[in-house]
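Input: a single structure, listed below in structure tokens.
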Amino acid sequence: MNAGILGVGKYVPEKVLTNQDLEEIVDTNDEWIRTRTGIEERRIADDHTDSSDMAYEAAVEALKHANIKAEELDMILVATVTPDHPFPSVSCMLQERLGAKKAAAMDVSAACAGFMYGVITAKQFIESNAYKYVLVVGTEKLSKVTDWNDRNTAVLFGDGAGAVVMGKVSEGRGILSFELGADGTGGKHLYQDEYIIMNGREVFKFAVRQMADSSVHVIEQAGLTKDDVDFLIPHQANIRIMEASRQRLALPEEKMAKTIRKYGNTSSASIPIAMAEELQAGKIKDDDVVVMVGFGGGLTWGAICMRWGR
Ligand code: COA
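Note that the numbering used here has the sequence shown beginning at 21, numbered continuously upward.
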């Protein structure tokens, strides 16, 4: 039996920062941001809310949805590049707050592909029968590492968290195939010094190719074809990158998760936030073939093909 997703949750801060608000902060405009990125607004966490706080809210929702108690968790994996502190890890902070006493805990650092790395790590522990239930969270407070004077990056990012509870699911369902990858030679194109520094064009070219290629690879690995895919959840970085993947899979528009308009790029949180939202909207149903695909700084990437349902 495969590992799969038992429950999903998300949290986004209340404060909305619109493109119009950004016009007051940097030399940019709503028209440019909308047409080049697909983003209209993003959420920004307040001074009292850090990555662990958002992770907690998303995790509570995911546990409730999975109908599993925190004490039952064997492991907590938190994907983040914006931890509250270098250590203790966000996962340890979360373990305490949830009261997940028996859970091992560690953070995963693979930037925007972090959630994919986390889910695939969890799958290994579950399918080897080492652990029964693993909580995987993507959480980011990117606003604290965003240079609000740099229009190249300030318009792109937002804060938020998404979480899944994973465990074994019924025969034929769960994770069917995956691909993880990294190319450290591209690290210079997207990194954090004090703030995020990005060569947008280089990242764009890499992302368009990688997202589409990885999606095709996992579909083939699962023994399926593009026609079998019911729903695509791409990392929400730029609508044009997402559209390139969708077109490569020849999927109609309504079969792709699209939360970028409201939340911008929330890095490791983007895929689970989109998953939670589209699931709630009834766009993902039991036995649907779902492809998730992400890329990020590192450079890193990951894709998963799964059959939805417990
Ligand atoms: N507002 C207005 N104008 C802007 C701007 C902004 N926020 N940012 C850049 N511009 C200008 C540039 O200065 C440039 O002007 P010029 O032609 O006079 O030099 C022009 O817009 C085009 O810039 P360019 O960088 O070629 O735009 P683009 O179409 O490549 O879009 C990104 C820029 C960043 C949106 C795009 O490259 C991208 O999304 N890259 C991937 C980024 C990403 O996904 N990062 C996260 C990875 S997890």
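For every residue, glycine included, the Cβ atom is placed at its ideal position computed from N, Cα and C.
Cross-strand partners of Q212 (DSSP beta bridge): I216
Residue span of the beta strand (DSSP E) that contains F135, given as start and end: No beta strand (DSSP E) holds F135; the alpha helix (DSSP H) holding it covers G134 to E147.
Nearest neighbour of I140, chosen from A202, H85, V156 and R117 [CA to CA]: V156
Close beta carbons around T173, own chain, < 7 Å, minus the five adjacent residues each side: T166, D167, I216 and M218
Under the three-state DSSP convention, the category Y31 falls into: strand
T141 beta carbon near the ligand COA (any heavy atom closer than 7 Å): no
Sequence-distant residues of its chain with Cβ nearer than 7 Å to I96 (five each side left out): S111, L114, Q115, A120, A123, A125 and L155
Of the listed residues V46, M21 and V184, nearest to Y76 (C-alpha basis): V184
Where N39 falls: helix, strand or coil (DSSP): helix
The region 60-75 / the region 91-107 touching (three or more Cβ pairs under 8 Å): yes
Distance CB(L210)-CB(N285) smaller than 8 Å: no
Residue of A289, M295 and L299 minimising C-alpha distance to R62: A289
Contiguous alpha helix (DSSP H) assignments of at least 4 residues, all confined to the region 54-114: 71-86
From E297, V189, P254 and M74, residue whose alpha carbon lies closest to that of M21: V189
Of the residues G187, D203, E297 and R327, the one placed nearest N149, counting alpha carbons only: G187
Ordered list of beta strand (DSSP E) runs contained in the region 159-226, each at least 3 residues: 180-188, 194-202, 210-212 and 216-218
CA nearest to the CA of D213, picked from I259, R260 and K164: K164
CB-CB length for D179 against A79, believed under 8 Å: Contact doesn't hold; Cβ gap of about 16 Å is too wide.
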